[in-house]
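Protein chains in written order, with the numbering used here: chain A, 53 to 118; chain B, 915 to 1165.
Here it is as structure tokens:
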């Protein structure tokens, strides 16, 4: 992700690559998956959808330093 | 009686999801002897930075049957469960409607449709609820969840919105299935070609190309497929299904 911790709405390959290398990745419940790849920022429970992007919210949960 | 029940804003980023809580409420109602109840549908609402959703702003709805005298009990069971399991920092809302086939629900349906494209307020929700004689309750936090809960009921009554929770979860990707096989799934009643909306015959084969979802379309659980140039019927990826939902699966 960029310095603002965002990805555009459909950067599927980047979302997968980032999530595969991210120690904090945690899969959201299946009904909230959007990406085809199970391990993807788009399927992470710490992402938040905005109008045209997703935002990583993991920094709000420093108590779970996975 | 037929009832509709919807919840919203019950979770935080570290808790169980709203869909799971909806299923737990459904199980409690069935354990009380009520039902049958439908599958849970997920209704995508407006994504805007001024709306305090957790991660995706959706509400979860189902409908069911219960004795005419059970309306208050349905509300009590759902409320009690929400109060027990809703996550810290969440703003849960509950909507329960006793369906009246003679009643005009156009205002409620319009509320649901508007909740997909503009910011609505609690005052808007309370006003709409009063006009439609239904139960709407806050269960902690700001109670902002009443907006999505009301919208979810409106959209479910409308009948062409929402993904079926857990739908197509156990179907294998890159496999071919006959329509008759797919119809054995509880989350699927029809397979429609998306552009023409024509139903596929039971003997037709469908190629499952990726993760997909069945959706509520014209009050049925529908799997949309598209016919390729080679004449093969292929499923539509979930991200595209979600985008199509913004237009109620019409083109």
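Backbone N, C-alpha and C fix where the C-beta goes; we use that ideal spot for every residue, glycine too.
As the structure is a prediction and not an experimental result, all values here were calculated from the model.
Next item on the list: Could you tell me the distance, in whole angstroms, from the CA atom of residue 68 of chain A to the CA atom of residue 991 of chain B?
Entry: As a working mapping, residue 68 of chain A is identified with position 16 in the first chain. As a working mapping, residue 991 of chain B is identified with position 77 in the second chain. Residue 68 of chain A and residue 991 of chain B: Cα-Cα distance of roughly 41 Å.
Notebook entry, point to check: Rounded to the nearest angstrom, how far is the Cβ of residue 1170 of chain B from that of residue 1132 of chain B, given a contact under 8 Å?
Noted result: In the structure displayed, chain B extends from 915 to 1165; residue 1170 of chain B sits before or after that span and is not available.
Note to self: Measuring alpha carbon to alpha carbon, tell me which residue in B/1022, B/922 and B/1041 is nearest residue 965 of chain B.
What the structure shows: Reading the second chain from its first residue, position 51 is the one you call residue 965 of chain B. Nearest of B/1022, B/922 and B/1041 to residue 965 of chain B, Cα basis: B/922.
Check: Which residues in the same chain have their Cβ closer than 7 Å to the Cβ of residue 59 of chain A, if we skip the five residues on either side of it in sequence?
Finding: Position 7 of the first chain, counting from 1, holds the residue named residue 59 of chain A. If we look at residue 59 of chain A and ignore the five residues flanking it on each side, its Cβ neighbours are 53, 66, 67, 93, 105 and 106.
Item checked: Stretch pair the segment 967 to 974 of chain B + the segment 1099 to 1113 of chain B: three plus CB contacts closer than 8 Å -> no
Note to self: Distance cutoff 8 Å, beta carbons only. Does residue 939 of chain B sit that close to anything in chain A?
What the structure shows: Here residue 939 of chain B corresponds to residue number 25 of the second chain, with the count starting at 1. Answer no: the Cβ-Cβ gap between residue 939 of chain B and chain A never drops below 8 Å.
Notebook entry, point to check: Can you find at least 3 beta carbon pairs, one from the segment 1080 to 1096 of chain B and one from the segment 1049 to 1060 of chain B, that sit closer than 8 Å?
Noted result: no
Next item on the list: Use the C-beta contact count for residue 957 of chain B: other C-beta atoms within 10 angstroms, 16 or more gives buried, fewer gives exposed.
Entry: Along the second chain, read from residue 1 onward, the residue named residue 957 of chain B stands at position 43. Buried, because 16 or more other Cβ atoms sit within 10 Å of the Cβ of residue 957 of chain B.
Item checked: Nearest-angstrom Cα separation, counted from residue 1028 of chain B out to residue 1014 of chain B -> Translated into positions along the second chain, residue 1014 of chain B becomes position 100. Translated into positions along the second chain, residue 1028 of chain B becomes position 114. Whole-angstrom Cα-Cα distance: 22 Å.
Notebook entry, point to check: Can you find a C-beta in chain A that's less than 8 Å from the C-beta of residue 964 of chain B?
Noted result: Here residue 964 of chain B corresponds to residue number 50 of the second chain, with the count starting at 1. So, not an interface residue.
Next item on the list: Kindly indicate if chain B contains any beta-carbon less than 8 Å away from that of residue 113 of chain A.
Entry: Here residue 113 of chain A corresponds to residue number 61 of the first chain, with the count starting at 1. Cβ-Cβ to chain B under 8 Å: yes for residue 113 of chain A.
Margin query: Runs of 4 residues minimum, wholly inside the segment 978 to 1025 of chain B: which ones carry the alpha helix (DSSP H) assignment?
Written below: 985 to 999
Check: Listing by chain order, which chain B residues have their CB less than 8 Å from the CB of residue 103 of chain A?
Finding: Within the first chain, numbered from 1, the residue matching residue 103 of chain A stands at position 51. Here the neighbours are 961, 962 and 963.
Notebook entry, point to check: Is there at least one Cβ from chain B nearer than 8 Å to residue 66 of chain A's Cβ?
Noted result: Here the question's residue 66 of chain A lines up with position 14 in the first chain. Not an interface residue.
Check: Is the beta carbon of residue 950 of chain B less than 8 Å from the beta carbon of residue 978 of chain B?
Finding: Taking the first residue of the second chain as position 1, residue 950 of chain B is located at position 36. Taking the first residue of the second chain as position 1, residue 978 of chain B is located at position 64. Contact: yes.
Item checked: Nonlocal neighbours in the same chain, by C-beta distance under 7 Å from residue 925 of chain B, ignoring five residues either side -> Along the second chain, read from residue 1 onward, the residue named residue 925 of chain B stands at position 11. Here the set comprises 931, 932, 968, 1001 and 1004.
Checklist line | Whole-angstrom C-beta distance between residue 1116 of chain B and residue 1094 of chain B, which should lie under 8 Å | finding: Here residue 1094 of chain B corresponds to residue number 180 of the second chain, with the count starting at 1. Here residue 1116 of chain B corresponds to residue number 202 of the second chain, with the count starting at 1. Right, their Cβ atoms sit about 4 Å apart.
Item checked: Extent of the continuous alpha helix (DSSP H) to which residue 1110 of chain B belongs -> Walking along the second chain from the start, residue 1110 of chain B turns up at place 196. Run containing residue 1110 of chain B: none; DSSP gives neither H nor E here.
Checklist line | Other residues of its chain near residue 1159 of chain B: CB distance less than 8 Å, five sequence neighbours each side excluded | finding: Along the second chain, read from residue 1 onward, the residue named residue 1159 of chain B stands at position 245. By the criterion of a C-beta distance shorter than 8 Å, residue 1159 of chain B is surrounded in its chain by 958, 1075, 1076, 1077 and 1129, once the five residues flanking it on both sides are discounted.
Check: Where does residue 112 of chain A land, buried or exposed, given buried means 16+ other C-beta within 10 angstroms?
Finding: Residue 112 of chain A sits at position 60 when you count from the first residue of the first chain. By the 10 Å Cβ count, residue 112 of chain A comes out exposed.
Next item on the list: At 7 Å on the CB atoms, spell out the chain A contacts of residue 1151 of chain B, in chain order.
Entry: Against the second chain, residue 1151 of chain B aligns to sequence position 237. Correct list: 88.
Note to self: Tell me the rounded alpha-carbon separation between residue 1124 of chain B and residue 1151 of chain B.
What the structure shows: For the purposes of this step, residue 1124 of chain B is taken as residue 210 along the second chain, with counting starting at 1. For the purposes of this step, residue 1151 of chain B is taken as residue 237 along the second chain, with counting starting at 1. Using only the alpha carbons, I get a separation of about 6 Å.
Item checked: Straight-line Cα distance separating residue 83 of chain A from residue 988 of chain B -> For this step, residue 988 of chain B is matched to residue 74 along the second chain. For this step, residue 83 of chain A is matched to residue 31 along the first chain. Each residue's alpha carbon lies about 25 Å from the other.
Checklist line | Nearest-angstrom Cα separation, counted from residue 983 of chain B out to residue 99 of chain A | finding: One-based indexing of the first chain puts residue 99 of chain A at position 47. One-based indexing of the second chain puts residue 983 of chain B at position 69. Roughly 43 Å separates the two Cα atoms.
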